[in-house]
Amino acid sequence: MGNSERAGTHARRMPFHVLLLPCVLTLAAWRMGAPMNANAESRTRGGAAGATFVVAASDSRQKGRADYVCDGTGDQEQIQAAIDALPPAGGSVLLLEGTYDIRRVAGTLGGITIWKSNVCLKGCGPATRLVLARDQLVNVIRVLGDGVGNIVIRDLHIDANRDQNPQDKSIKLLGGPFESCGIRVGRALIKGFSGELAENVTIDSCTVARAAFLGIMAYGRNMVVVNNHVEDAGSDGIEVLGGPARIANNYVRVTATRSSGGAIGTDAANDVIISGNQVICDGGRFAIGIYTWSHTFRTMVIGNEVFCRSGTIVKGLDIRGQQTTVVGNTVSGARELVVGFTGTGNYAGTGQGCIVSGNTFVDIGAIKVNSTQAERWPIVFQGNHLYNAPVGPVSDNTVLYQSHVDHFVGCRPASGEHLGSWRGTGAEQSIVAGILQPDVPRSLSVTCTNNAAPAGTVTVEGTDARGRAASEAFALSPGRTVTGVKAFARVSRVTIPAAVGAADTVSVGIADRLGLSSTFYEAEDVYKVKRNNADARVGAVDLANGTLDCSVIAAGDTFAIHYRSNLNTLIQKPRAAAAP
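Position 478 of the sequence shown, counted from 1, bears residue number 481 in this note's numbering, the numbering being contiguous throughout.
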């Protein structure tokens, strides 16, 4: 049968709405590419139980076990015949190993169309290859029917042949540009193909490569897209609409010279779980790694990786949905990360109620957090590890900082001998007893006499204002006082060098820098100082050591230091080469 005959036959077979079963069976038998054998006939008798039909490619090795045998041109005809022949109870269509030539069928949105419920279309993994022919601009597999459900598509390798089916949003083919996907499920976006949403559709362990538009697009209830490999899609890799849905354990990649839209995400879908996926940029360009679109609710983005090995990821995450939970993800090498849309118009102020916590963001150009509508829930952005990932701009309605006030009550004035004085012995001394502790967490000083040219380094050990182990070395300056930069809350050991003899004394005292109890990352984070309940100038801030210079502390001075602490861990270092 010629290819034009196949297309015309398919058009007569598949109207816009679901046909009655007797019509389907009769018409399917009339238009199949190879006659059904007796074994296939026996399995459909009665129509009460499900059936399994086997389809062989023209280059399959086991054609003898097949119910339908393709000839290598327009092989969607034989595959469609097997689907159409399934009884009302449904069943499976198994595609043997080999290469299947897939073409557009007039009057439909496929390729291959699954238009009935309770169907499993499965292959033999990478050995079963569905290749879209040149200039077809159609979905390789399309699930479409009024309320169809309980469908599984699995273990297929789909090559949508993007190079010979180039993306063109101006095309006037039936269905428009977004009907040029690898696998497309559910309600169409054009007149005449709406109907009820699809339900309970699973796409599992398929490879979908080089789609002109989306690799996998699923619109319906209970969509499950798991364990797939999607590569070099012209638009998005995997997208779900409707919801609830689950997108899990997929691998989405773009390679050199290729450009893709979003790797994984939702559009007009609520109650979606996006978990355990890998998004890898290998020399190409992703517009977005993982996204949740505006005016959607309750998406969970958990435990995914977005990594730019080379090339460009413009936005690692673009979280616009509301009440979205973003936890335990790793994003590396993107230009920016956006939570809440930062522009104007219909999308402005989205992202309310999002929680972004426990993630690792590495080498991100900028992190933008925007929750502009104060009457809505704020965005909580905390507990993340940010390595070369600066945060800003950030809207007021964002929980990013925690306010702190450290109180230092009844301070002692600076004193060169507060902790103690010790005479040298000509041997190293490790002093652990008889040390008077600092009155508040503050910097220390070391003073030595100059009777016999003392030399060496005095080491002070203890804990700082944050309870961490601290150690500071003071190089002796004979006859002078050396002031330290670290603040000690407690001193456990003072070590006097052997080069201090019995003629000289070493004293350890307290100085005028106060140590703050929580981490802060910018000098501007210390924004107010009250000294004896009056406003005072904010002195020099030492970010590395977490101290504030309070000038000269007088006896009895009381300080209240107000500062904000980022609820994330920020580490800024020179950018290293990309990880292997």
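Backbone N, C-alpha and C define an ideal beta-carbon position, used for all residues, glycine too.
{"Item": "Does the Cβ-Cβ distance between Arg-106 and Ala-136 come in under 9 Å?", "Value": "yes"}
{"Item": "Quick check on this structure: which residue in Leu-573, Ile-370, Glu-527 and Gly-419 has the alpha carbon closest to the alpha carbon of Ser-514?", "Value": "According to the sequence shown, residue 514 is Ala rather than Ser. Comparing Cα-Cα distances from Ala-514 to each of Leu-573, Ile-370, Glu-527 and Gly-419, the minimum goes to Gly-419."}
{"Item": "Could you check the C-alpha separation between Gly-292 and Leu-320 for me, to the nearest Å?", "Value": "6 Å"}
{"Item": "Sort Val-509, Val-188 and Val-243 by Cα distance to Ser-120 and report the nearest one.", "Value": "Val-188"}
{"Item": "Under 8 Å: do the region 234–241 and the region 249–256 share three or more Cβ pairs, one atom per stretch?", "Value": "yes"}
{"Item": "Give the DSSP-derived three-state secondary structure of Val-555 in the structure shown.", "Value": "coil"}
{"Item": "I'd like to know if the region 94–101 and the region 57–67 are in contact, where contact means that at least 3 CB-CB pairs between them fall below 8 Å.", "Value": "yes"}
{"Item": "Roughly how many whole angstroms lie between the Cα atoms of Ala-130 and Cys-123?", "Value": "18 Å"}
{"Item": "In chain order, which continuous runs of the beta strand (DSSP E) of length 3 or greater are located wholly inside the region 397–474?", "Value": "404–414, 418–426, 432–434, 445–451 and 460–466"}
{"Item": "Output needed for Gly-49: all residues of its chain with C-beta closer than 7 Å, excluding positions within five of it in sequence on either side, in chain order.", "Value": "No answer about Gly-49 holds up, because its pLDDT of 32 lies below 50 and its placement is not dependable."}
{"Item": "Which residues in the same chain as Thr-260 place their Cβ atom closer than 7 Å to its Cβ, once the five residues preceding and following it in sequence are excluded?", "Value": "Gly-287"}
{"Item": "Report the residue from Arg-213, Gly-246 and Asp-239 whose alpha carbon sits nearest the alpha carbon of Val-204.", "Value": "Gly-246"}
{"Item": "Helix, strand or coil for Arg-137 per DSSP?", "Value": "coil"}
{"Item": "Could you name the residues that DSSP lists as bridge partners for Thr-295?", "Value": "Thr-269 and Ile-322"}
{"Item": "For the region 137–163, which segments carrying the beta strand (DSSP E) assignment without a break, of at least 3 residues, lie completely within its bounds, in sequence order?", "Value": "142–146, 152–157 and 160–162"}
{"Item": "Is it buried or exposed, Lys-125, if we count other Cβ atoms within 10 angstroms and call 16 or more buried?", "Value": "buried"}
{"Item": "Mapping DSSP to helix, strand and coil, what is Ile-367?", "Value": "coil"}
{"Item": "Let me know the secondary structure DSSP gives Gly-279 once reduced to three states.", "Value": "coil"}
{"Item": "Among the residues of its own chain, which have a CB less than 6 Å from the CB of Arg-338, if the five just before and after it don't count?", "Value": "Val-317 and Gly-368"}
{"Item": "At a cut of 8 Å, does the region 547–560 reach the region 354–363 through at least three beta carbon pairs?", "Value": "no"}
{"Item": "Pick out whichever of Gly-559, Tyr-390, Glu-475 and Gly-324 has its Cα sitting closest to the Cα of Ile-574.", "Value": "Tyr-390"}
{"Item": "What span of residues does the alpha helix (DSSP H) with Gln-79 cover, start to end?", "Value": "79–88"}
{"Item": "Check whether the region 400–409 and the region 493–502 are in contact - that is, three or more C-beta pairs closer than 8 Å.", "Value": "no"}
{"Item": "Within a Cβ cutoff of 7 Å, which residues of the same chain sit near Ser-262, ignoring the five residues on either side of it in sequence?", "Value": "Gly-287 and Arg-288"}
{"Item": "Can you grab the Cα-Cα spacing for the pair Thr-572 / Lys-531, in whole Å?", "Value": "23 Å"}
{"Item": "Quick one: Cα of Ala-201 to Cα of Thr-295, how far?", "Value": "21 Å"}
{"Item": "Expressed to the nearest angstrom, what Euclidean distance is found between the alpha-carbon atoms of Val-309 and Phe-384?", "Value": "19 Å"}
{"Item": "Report back the beta-carbon spacing between Val-282 and Ala-251 to the nearest angstrom; my notes put them in contact at under 8 Å.", "Value": "At roughly 13 Å, the Cβ-Cβ gap does not stay under 8 Å, so Val-282 and Ala-251 are not in contact."}
{"Item": "Tell me the DSSP bridge mates of Gly-286?", "Value": "Thr-258"}
{"Item": "Can you list, in chain order, the residues of its chain with a C-beta nearer than 6 Å to that of Ser-278? Leave out the 5 residues immediately preceding and following it.", "Value": "Ala-251, Ile-305 and Gly-306"}
{"Item": "With which residues is Ser-360 paired in a DSSP beta bridge?", "Value": "Val-330 and Gln-385"}
{"Item": "Here's a check: name, in chain order, each residue in its chain whose Cβ is nearer than 7 Å to the Cβ of Ala-272, leaving out the five neighbours to either side.", "Value": "Val-243, Leu-244, Gly-245, Gly-246, Ala-248 and Thr-299"}
{"Item": "Rounded to whole angstroms, what is the Cα-Cα separation between Gly-185 and Val-394?", "Value": "38 Å"}
{"Item": "For the beta strand (DSSP E) containing Asn-225, list its first residue and its last residue.", "Value": "219–229"}
{"Item": "Taking all protein chains shown into account, decide if Pro-457 is buried (16 or more other Cβ within 10 angstroms of its Cβ) or exposed.", "Value": "buried"}
{"Item": "Using a Cβ-Cβ cut-off of 7 Å (strictly less than) and excluding sequence neighbours within five positions of Lys-539, which residues of its own chain qualify?", "Value": "Lys is not the amino acid found at residue 539; the sequence shown has Ala there. Val-532 and Lys-533."}
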